[in-house]
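Residue numbers (our numbering), protein chains in the order written: chain A, 1 to 202; chain B, 203 to 404.
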């Protein structure tokens, strides 16, 4: 249960889950739709990104030597209908599907998902709580997948630039539970930020 | 080892550990100085705040019903020499010791520790990495302890207001290891922030 103070705030941004997805094949990052995501403190149970800890990779190269065991703050990735439509527009593609990006949640209703500050909470009506761990930096792999689906496009070479700032967020589990398609969540800024009517915060 | 790119940046803010502290008595939040803090993914081993998860309390009342098991993002608290001096000045006390506040680290060298954005990393030269989980909201208990040490003061009733925005930060462990007194750390803003010469970020 989301506390009434948050759930009924007139200024709260809400979003809905359009798709729940999981990548269970360790050989590929491409995800597939699932009826439910089971979450515990390690992330999505059965997903290839699951774990309390994981080895540092190239994304953390500025901070930790590769292979160092660090806390897994990239348990899930969340992308939005609005931002994927903009990526598709920029690449002149019919669509860019969340599954091709290896995302775990496709949500709708947050104007600028990728701009959410670190520490923003997504509080689901079921009680699940996710914490934004920052913008997801585009990697090259989805460009290859897009290219396979649209062989006539320039997606492979253009994806990273086109998706910059629109690639959604990484998130971690603060409160475990289950997320289903069509679940709704309240988007709550971290302390010190105020939400505004347009869904952006200052 | 902190990667060279971060450690040698001319703009990086550095800090040093003046005291390492731990509260091992579950009956009191007052901490005592220790030679070393042993950190794993649950926080300070043996400390009363240790744990991967813990029950939600009044601080999370806006987000989760009390007692709900949530990830422990308040594993350590960090306070600064500079800010505690300001609290002492406001309360007209000779000193405000980190141990009276139940802090785990007293650091020196960060101009406005409590203003660090969520997601800021403290990267120790030993390899330990902490992540800022946000400003620490003052609670009333340290006021009582201050009042015991300075019976003629008005600390008990004035502490919360005097310490607002100067109470340091909560932090969690991203990369485990040991922290000793006099260890040094680099303060690294989250992605999307830039550090500036005065130690504040924009």
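From the three backbone atoms N, C-alpha and C, an ideal C-beta is built for every residue, glycine too. Note that the structure is predicted; figures quoted are calculated from it, not measured.
Between the beta-carbon of residue i and the beta-carbon of residue j, is there less than 8 Å?
| i | j | result |
| --- | --- | --- |
| residue 93 of chain A | residue 150 of chain A | yes |
| residue 170 of chain A | residue 73 of chain A | yes |
| residue 224 of chain B | residue 248 of chain B | yes |
| residue 220 of chain B | residue 289 of chain B | no |
| residue 83 of chain A | residue 166 of chain A | yes |
| residue 232 of chain A | residue 39 of chain A | With chain A covering only 1 through 202, there is no way to say anything about residue 232 of chain A. |
| residue 279 of chain B | residue 263 of chain B | no |
| residue 329 of chain B | residue 379 of chain B | yes |
| residue 377 of chain B | residue 120 of chain A | no |
| residue 370 of chain B | residue 316 of chain B | yes |
| residue 117 of chain A | residue 193 of chain A | yes |
| residue 101 of chain A | residue 55 of chain A | no |
Taking the C-alpha atoms as reference points, what is the distance between residue i and residue j?
| i | j | result |
| --- | --- | --- |
| residue 350 of chain B | residue 364 of chain B | 17 Å |
| residue 265 of chain B | residue 152 of chain A | 48 Å |
| residue 191 of chain A | residue 180 of chain A | 28 Å |
| residue 140 of chain A | residue 326 of chain B | 32 Å |
| residue 41 of chain A | residue 259 of chain B | 18 Å |
| residue 155 of chain A | residue 32 of chain A | 21 Å |
| residue 90 of chain A | residue 299 of chain B | 56 Å |
| residue 30 of chain A | residue 75 of chain A | 15 Å |
| residue 272 of chain B | residue 158 of chain A | 40 Å |
| residue 138 of chain A | residue 297 of chain B | 49 Å |
| residue 287 of chain B | residue 238 of chain B | 24 Å |
| residue 215 of chain B | residue 133 of chain A | 22 Å |
| residue 333 of chain B | residue 131 of chain A | 14 Å |
| residue 311 of chain B | residue 20 of chain A | 45 Å |
| residue 362 of chain B | residue 122 of chain A | 29 Å |
| residue 331 of chain B | residue 301 of chain B | 22 Å |
| residue 217 of chain B | residue 136 of chain A | 29 Å |
| residue 255 of chain B | residue 189 of chain A | 22 Å |
Under the rule that 16 or more other beta-carbon atoms within 10 Å means buried, what is residue i, buried or exposed?
| i | result |
| --- | --- |
| residue 226 of chain B | exposed |
| residue 251 of chain B | buried |
| residue 282 of chain B | buried |
| residue 236 of chain B | buried |
| residue 268 of chain B | exposed |
| residue 313 of chain B | exposed |
| residue 261 of chain B | exposed |
| residue 182 of chain A | exposed |
Ends of the alpha helix (DSSP H) at residue i?
| i | result |
| --- | --- |
| residue 142 of chain A | 141 to 149 |
| residue 290 of chain B | 283 to 293 |
| residue 362 of chain B | 357 to 365 |
For residue i, report the span of its beta strand (DSSP E) as first-last.
| i | result |
| --- | --- |
| residue 380 of chain B | 379 to 382 |
| residue 257 of chain B | 255 to 257 |
| residue 71 of chain A | 69 to 71 |
| residue 386 of chain B | 386 to 390 |
| residue 113 of chain A | Looking at the DSSP string, residue 113 of chain A is not in any beta strand (DSSP E), and its letter there is neither H nor E. |
| residue 354 of chain B | No beta strand (DSSP E) holds residue 354 of chain B; DSSP gives it neither H nor E. |
request  = Compile a chain-ordered list of the residues in the stretch 40 to 56 of chain A whose CB is closer than 9 Å to at least one CB of chain B.
outcome  = For chain B, the residues of the stretch 40 to 56 of chain A that bring a beta carbon within less than 9 Å of one of its beta carbons are 41, 52, 53, 56, in chain order.
task = With 8 Å as the limit, tell me which residues of the stretch 68 to 81 of chain A have their beta carbon closer than that to any beta carbon of chain B; keep them in chain order.
result = The stretch 68 to 81 of chain A vs chain B, Cβ under 8 Å: 68, 69, 70, 71, 73.
query = Of all the residues that make up the stretch 307 to 326 of chain B, which are near chain A by a beta-carbon distance shorter than 8 Å?
reply = So the close ones are 319, 320, 321, 323, 325.
request  = Name, going along the chain, the residues of the stretch 170 to 192 of chain A whose beta-carbon falls closer than 8 Å to a beta-carbon of chain B.
outcome  = Hits within the stretch, in order: 172, 173, 174, 175, 176, 188, 190, 191, 192.
ask   = Which of the residues in the stretch 135 to 159 of chain A, read from start to end, lie with their CB under 9 Å from any CB of chain B?
value = Taking 9 Å as the Cβ-Cβ cut-off against chain B, the residues of the stretch 135 to 159 of chain A that qualify are 135, 137.
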